[in-house]
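S.K.:
Residue numbers (the numbering used here): 14 to 203.
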């Protein structure tokens, strides 16, 4: 739980800072100023993309290294977690650029983006994980996990970290649940 809180807090700040800068430029009319001064639109957006990718990748790399150094994640998951940390840096940028269209003011955009990502990373992630551990809610928990994975890249990364830190417990619990369900199904069929 503590790991998810710390990781979720840190990773929620990245999309909040991305959206803050983009909405601030929109609010102050900087994009219009850049175009008037002769900067092309592809150059304008490439500048944002490169800077945001470098910032996101740096934050993800530091988080990944701290998780490895603290021995909180299973060695078996190091490879796939490295891939997910790198891919999340690519996914969170377009996600934030699309969400910036919902906001007109920088402070509203930054605050709402932070709260949504933090809630999805910590609270919702733990609820879905608990649902996946309980026999009666496992199917709903799996469905919720996949829907959220497709809609929020930060949730996807925090879900992978949660799985990496508690893979053994989830597998043991799910195998027991699957065995119980098979036994119940066999009893009903006989």
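Just so it is clear, CB atoms sit at the ideal spot from N, CA and C, and this is done for glycine as well.
Taking C-beta to C-beta, are residue 119 and residue 20 nearer than 7 Å?
M.R.: On the chain shown, position 106 is the one that residue 119 refers to. On the chain shown, position 7 is the one that residue 20 refers to. For residue 119 and residue 20, no; Cβs fall outside 7 Å.
S.K.: Can you find at least 3 beta carbon pairs, one from the stretch 106-123 and one from the stretch 25-42, that sit closer than 8 Å?
M.R.: yes
S.K.: Could you tell me which whole alpha helix (DSSP H) segments of length 4 or greater appear in the stretch 84-160?
M.R.: Runs of the alpha helix (DSSP H) lying entirely within the stretch 84-160 and spanning at least 4 residues, in chain order: 91-112, 119-131, 138-146.
S.K.: For residue 72, which three-state DSSP category applies?
M.R.: Within the chain shown, residue 72 is the residue found at index 59, counting from 1. It is helical.
S.K.: Cα-Cα, which of 160, 93, 101 is closest to residue 70?
M.R.: In the chain shown, counting from the first residue as 1, residue 70 sits at position 57. Selected option, being the one with the closest Cα: 101.
S.K.: Could you check whether residue 139 and residue 154 sit closer than 7 Å to each other, using their CB atoms as the reference points?
M.R.: For the purposes of this step, residue 154 is taken as residue 141 along the chain shown, with counting starting at 1. For the purposes of this step, residue 139 is taken as residue 126 along the chain shown, with counting starting at 1. When the beta-carbon positions are compared, residue 154 and residue 139 stay at least 7 Å from each other.
S.K.: Can you tell me the Cβ-Cβ gap for residue 66 and residue 106, rounded? I've got them flagged as a contact below 8 Å.
M.R.: The residue labelled residue 66 in the question sits at position 53 within the chain shown. The residue labelled residue 106 in the question sits at position 93 within the chain shown. With a Cβ gap of about 6 Å, residue 66 and residue 106 count as contacting.
S.K.: Let's see if you can read the secondary structure: which residues bound the alpha helix (DSSP H) around residue 42?
M.R.: Taking the chain shown and counting its residues from 1, one reaches residue 42 at position 29. Element bounds for residue 42: n/a, residue is neither H nor E.
S.K.: Does any CB atom of chain D fall closer than 7 Å to the CB of residue 156?
M.R.: Among the chains of the structure shown, chain D does not appear; only one protein chain is present.
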